[in-house]
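Okay, structure first, notes after.
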Amino acid sequence: MRITRIETFLVPPRWLLCRVETDDGVVGWGEPVVEGRAETVRAAVGELSDLLIGEDPTPVEHHWQRLTKAAFYRGGPVLSSAVAGLDQALWDIAGKRLGVPVHQLLGGPVRDRVRVYGWVGGDDPAELADAVSARVESGLTAVKMNASGVMGRSATVREIDAVVDRLAQVRDVLGPDRDVAVDFHGRFNAATARRVLPLLEPLRPMFVEEPLLPEYGHLLPDIVRCSPVPIATGERLYSRTDFLPALQAGIAVAQPDLSHAGGISEVRRIASLAETFDAVLAPHCPLGPVALAASLQVAFATPNFLIQEQSIGIHYNKDAEMLDYVVDAGVFAFPDGNIHRTDAPGLGVEVDEDAVRRADRVGHRWRPPVWSHEDGSFAEW
Ligand SMILES: [Mg+2]
């Protein structure tokens, strides 16, 4: 069995898929993407393909080592995401070839269902009550929201009060039996984060995400020490070695992205590393169907798993939805707030190849918004 062809597809709203074909007809799918840099990752996948064409796809770890390390320069979002998508496709092929789901190859399932959450409120959250009610009606038992829109690095009293007030509105609708997580998105500074975190604790968020920008990771131990709320981070960390200092700082929740942090192979190891710090896994996934499918395979086989992000109804999905690219949307249904395990082979999702090829002809040029403070200076999004 040899890899004969690797193709990439730039599909709306903002994703990139890859398709790895073999000479005996087994095809694997991956999702190598950095949001806003999809074309850059596409070029990286093209370069990495030189290491795979003509090779036997089955020694996945051997390929991971070569894809990650063979070009001397390594790591970072673009290269790690390119490797991630190819790694997913190789695992998909490995499972399909043997007729088993990937979670079986990872040691077998440790759970029957995976709890998922959905976003509410978008980039600049307002009028949250109706959005939360709609999410609850759709079956979800947990939501995530941004703490704020654009906000001063050193927030004002009014801005801080608004953060608390938004969370209170959401807690009011959810009651005590459902959960809400709050994403700070690194929008304000460490001093403000230290001030805000204790104010949120009475509303019992499941966790607070990215209280700091990743470049301020050296301040994370202080934030964890002063926070009664569990701290989560990791969507902008790309390897075990990136996660180690965050785990040593005492984060409660590790959030690697299956399409950014080296794929199934590396996220599996990040989960194991997190377990040694008594931290749980909540993979980031505001992405498409292959990234979610890969996330679920890891979740089914990972003991220290908390909850999975999924992108149905997320504010970025303007021109297309995750389910537009799958043959059977039922594999991602969450009637009781959980996606249930199946024994479908590989990643467990059948990609609608015609839909993907059609969408690639349209493509996209998605970019994150660029925000400014009132004085015109750059603001974190
Ligand atoms: Mg986030």
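Each position in the sequence shown, counted from 1, maps to that position plus 199 in our numbering. Cβ coordinates follow ideal geometry from the N, Cα and C atoms, glycine included. As the structure is a computational prediction, the values presented were derived from the model and not from experiment.
Are the CB atoms of residue i and residue j nearer to each other than 8 Å?
i    : j    : result
A341 : R312 : no
A445 : F406 : no
D322 : H514 : yes
K343 : W318 : yes
E520 : P485 : no
Q287 : G229 : yes
V259 : A500 : no
P212 : W565 : yes
A492 : L546 : yes
S337 : V372 : no
I450 : A478 : yes
P544 : G224 : no
E474 : P455 : no
V301 : L247 : no
S438 : G462 : no
A490 : D523 : no
L266 : I202 : no
State the DSSP-derived secondary structure class of residue i, mapped to helix, strand or coil.
i    : result
W318 : strand
K343 : strand
A407 : The amino acid at residue 407 is misidentified as Ala; the sequence shows Val. If DSSP states are grouped into helix, strand and coil, V407 belongs with the strands.
D441 : helix
V277 : helix
V313 : strand
T590 : Nothing about residue 590 can be reported from this structure: the residues present for the chain run from 200 to 580 only.
I422 : helix
L396 : helix
D255 : coil
E414 : helix
V233 : coil
S494 : helix
K295 : helix
F387 : coil
D518 : coil
P534 : coil
F499 : helix
D323 : coil
V349 : coil
L402 : helix
G306 : coil
L486 : coil
G374 : coil
Beta strand (DSSP E) containing residue i: first to last residue?
i    : result
C217 : W214 to T221
A380 : D378 to D382
A431 : I430 to T432
G227 : V226 to G229
I538 : N537 to H539
Name, in chain order, the residues that DSSP records as bridge partners for residue i.
i    : result
S571 : F577
L480 : A453 and F504
G545 : P300
V525 : V550
Of the choices the options, whose alpha-carbon is the least far from that of residue i?
i    : options                   : result
V210 : R218, H417 and E474       : R218
E254 : R204, S280 and L297       : R204
G385 : V379, L402 and E408       : E408
V277 : V335, G536, R435 and V489 : R435
V363 : K343, P401 and E579       : P401
A354 : V369, D329 and F383       : F383
Q194 : P324, V423 and P534       : No answer is possible for residue 194: the residues shown for the chain start at 200 and end at 580.
V261 : L289, G284, A243 and T239 : Strictly speaking, residue 261 in this sequence is His, with Val absent from that position. Per the Cα distances, L289.
V497 : V244, V282, G307 and K268 : G307
P256 : T221, E358 and P568       : T221
R557 : I202, M200, R201 and L216 : L216
W263 : G529, W570 and R467       : R467
L457 : L412, V479, G487 and T475 : G487
A330 : D360, A453 and V379       : V379
G374 : P544, P404, V550 and D360 : P404
P534 : L251, R314, R273 and W214 : R314
A389 : V381, L398, L418 and R365 : L418
G433 : H483, S471, F387 and T391 : H483
G348 : Q368, A325, V356 and D542 : A325
N345 : P410, I469 and G416       : P410
D249 : A269, G235, T239 and K517 : A269
L399 : P420, Y415 and C425       : C425
V548 : G562, N537 and G529       : G529
V526 : R352, L472, K517 and E552 : E552
A237 : H563, E579, A578 and W580 : H563
Which residue marks the beginning of the alpha helix (DSSP H) containing residue i, and which one marks its end?
i    : result
R204 : That residue, R204, is in no alpha helix (DSSP H); its beta strand (DSSP E) goes I202 to V210.
K268 : V259 to K268
G245 : A237 to L247
W565 : Here W565 belongs to no alpha helix (DSSP H), and DSSP marks it neither H nor E.
Q509 : Note, Q509: premise wrong, no alpha helix (DSSP H); not H, not E.
V466 : G462 to E474
D329 : L327 to E336
R435 : Counting along the chain, R435 falls outside any alpha helix (DSSP H), and DSSP gives it neither H nor E.
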